[in-house]
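Undergrad: Below: one structure in structure tokens.
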Amino acid sequence: MAKTILVIDDSASLRQVVRMALTGAGYDVLEAGDGKAALALLDGRQVHMAVCDINMPVMNGIEFVKAAKQLPAYKFMPILMLTTESQDSKKEEGKAAGAKAWMVKPFSPTQLVSAVGKLCP
Amino acid sequence: MPKPISAVSSDEADVHSERAQLALCAGLLPVWGRHLSTSRAQSEGAVTEMLQAFSDIGPHINMAERQSKQINDALAQPIGGVTGLVEACEKALQPVLQDGALTISSRSAVEQVLEMVRNAVGALEQISKPFQHETQMVAEQVDRMYMGFQYQDRISQMLALIEGDITRLQEAFAGEAAQVPDLATWLARLESQYAMTEQHQDHRAIDRAVPTSSSSNNETTFF
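Just so you know, the sequences run in chain order D and V. Going from the first sequence to the numbering used here is simple: count from 1 and add 161. Going from the second sequence to the numbering used here is simple: count from 1 and add 2.
In structure tokens form, the structure reads like this:
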């Protein structure tokens with residue numbers, strides 16, 4: 162059975178690029194435009210991993226990671242931050258919140274698939 | 003002490019000039035804001051359109067790449083693979099060819115068949131290897147295109163920030179003069195909102211070797 166990856170980004174075109182990369186590698190993809198909408202999708206369904214942007218309206222990526230880690234069913238779900246932010250201080254913030262990896266946009270689909278494969282073997 | 007006539011007229015000129023500048027900004031800033039907003043929307047629309055068109059092609063390219071690799075792997079299998087077929091045929095027919103009782107015409111027929119197998123296998127390899135190379139090359143270019151599409155997101159973020167700052171400036175002009183922050187405070191607040199290296203560089207007028215540099219951080223950091 163294909164693994165399900167939740168993709169959270171306020172940019173529709175970015176979500177589409179991520180979707181194409183992941184579905185091409187055999188994953189199923191769920192999409193959300195911000196952290197709050199993503200949390201609503203964590204309703205008990207099986208989500209193996211999340212790929213999350215940082216700067217988003219309503220609820221940003223760091224807030225989403227913190228909130229997701231409070232949900233018992235998704236506590237151990239690996240989260241990859243996919244963002245334009247490249248500052249070390251931001252990376253530390255993501256790590257402290259509970260993210261498992263950090264990738265800076267623009268990313269290569271091969272690189273993304275490889276990272277997802279490592280975090281979600 | 004009353005001001006001399008010349009000073010009064012100078013003050014009035016200053017006030018008039020400031021009002022004219024404020025009116026200019028109040029008139030121009032919303033126009034700039036709308037242009038930025040439209041530019042963002044159009045660039046997002048254009049990329050979405052291209053991606054939608056591309057989403058029909060992308061999976062086929064991925065599949066072609068996978069299949070061509072599978073074909074090459076299948077051909078190269080030592081047992082049961084087409085490449086191994088020549089060797090297997092030669093091995094199987096060797097005792098027959100060594101048989102002294104074999105007629106000249108039979109020997110010739112066996113050698114002819116072997117030659118046909120060698121030619122067929124050679125032709126298959128000639129086709130499949132360049133096909134794999136081509137599909138691999140196309141897949142690499144597709145990766146580059148996916149990366150190119152992502153620049154729209156960066157542009158959109160930069161424009162959104164400027165759009166927000168323009169709105170804030172309009173609001174500052176519309177409010178009390180005492181509430182307008184000084185330039186240093188304004189710039190510091192603006193810089194605190196940057197996400198990308200090039201925004202910081204542009205803010206500080208730092209020259210970049212490559213104007214669109216943004217891919218220097220393309221490694222994944224695992225925590």
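All C-beta atoms in this analysis are idealised placements derived from N, C-alpha and C, irrespective of residue type, glycine included.
(1) DSSP three-state label for Leu273/D, please.
(2) Against chain V, which members of the stretch 178–212 of chain D pass a CB distance test of less than 9 angstroms?
(3) Could you tell me whether the Cβ atoms of Ala145/V and Pro270/D are closer together than 8 angstroms?
(4) In the DSSP output, which residue or residues are listed as bridge partners for Cys91/V?
(5) Using a Cβ-Cβ cut-off of less than 7 angstroms, give me the residues of the stretch 137–156 of chain V that come near chain D, in sequence order.
(6) Under 8 angstroms, Cβ to Cβ, is there at least one residue of chain D near Glu127/V?
(7) Assess contact between the stretch 45–62 of chain V and the stretch 172–180 of chain D, defined as three or more Cβ pairs (one per stretch) separated by less than 8 angstroms. Is contact present?
(8) With the cut-off set at 8 angstroms, would you say Val265/D and Thr244/D are in Cβ contact?
(9) Is there a C-beta anywhere in chain V that falls below 8 angstroms from the one on Ala173/D?
(10) Assign Ala193/D to one of three DSSP states: helix, strand, or coil.
(11) Return the residues of the stretch 56–82 of chain V that lie within a Cβ-Cβ distance of less than 8 angstroms from chain D, sorted by chain order.
(12) Under 8 angstroms by Cβ, that's how I've got Lys261/D and Pro239/D pegged, so tell me the actual separation to the nearest angstrom.
(13) For Val208/D, count neighbouring C-beta atoms within 10 Å of its own C-beta (all shown protein chains included) and say buried if the count is 16 or more, exposed if not.
(14) Give me the DSSP bridge partner(s) of Cys213/D.
(15) By a C-beta neighbour count over all protein chains shown, 10 Å radius and 16 as the cutoff for buried, is Ser218/V buried or exposed?
(16) Specify the secondary structure class of Ser218/V as computed by DSSP and reduced to three states.
(17) What are the boundary residues of the alpha helix (DSSP H) that Met147/V is part of?
(18) Is the distance from the Cβ of Arg42/V to the Cβ of Ala162/V below 8 angstroms?
(19) Would you say Gln134/V lies against chain D (beta-carbon separation less than 8 angstroms)?
(20) In whole angstroms, what separates the C-alpha of Ser70/V from that of Val84/V?
TA: According to the structure shown:
(1) In the structure shown, Leu273/D sits in a helix (DSSP, three-state: H, G or I).
(2) Per Cβ criterion, the list reads Val178, Arg180, Met181, Ala182, Thr184, Gly185 and Ala186.
(3) Per the sequence shown, residue 145/V should be read as Asp rather than Ala. In this structure, Asp145/V sits near Pro270/D, with a CB-CB distance shorter than 8 angstroms.
(4) For Cys91/V, which the question treats as bridged, DSSP gives no partner whatsoever.
(5) Cβ proximity to chain D below 7 angstroms picks out Asp145, Tyr148, Met149, Phe151, Gln152, Tyr153, Gln154, Asp155 and Arg156 from the stretch 137–156 of chain V.
(6) For Glu127/V, the answer is no, since every Cβ of chain D falls outside 8 angstroms of its Cβ.
(7) Yes, the stretch 45–62 of chain V touches the stretch 172–180 of chain D.
(8) Yes, Cβ-Cβ distance for Val265/D and Thr244/D is below 8 angstroms.
(9) Residue contact check for Ala173/D against chain V: a CB pair falls below 8 angstroms.
(10) Secondary structure of Ala193/D (DSSP, three-state): strand.
(11) Among the residues of the stretch 56–82 of chain V, those with a Cβ less than 8 angstroms away from any Cβ of chain D are Phe56, Ser57, Gly60, Pro61 and Asn64, in the order of the chain.
(12) Indeed, because the Cβ distance is near 4 angstroms, the residues count as touching under 8 angstroms.
(13) That one is buried.
(14) Answer is Ile169/D and Met242/D, bridged to Cys213/D.
(15) Confidence is the limiting factor: at Ser218/V the pLDDT is only 48, short of 50, which leaves the residue's position unreliable, though a coordinate-based value still follows. It is exposed - the Cβ of Ser218/V has fewer than 16 other Cβ atoms within 10 Å.
(16) With a pLDDT of 48 at Ser218/V, under the threshold of 50, the modelled position of this residue cannot be trusted, and the question is left open.
(17) Bounds of the alpha helix (DSSP H) holding Met147/V are Ile106 to Phe151.
(18) The answer is yes: Cβ separation under 8 angstroms.
(19) For Gln134/V, the answer is no, since every Cβ of chain D falls outside 8 angstroms of its Cβ.
(20) Roughly 15 angstroms between the two C-alpha positions.
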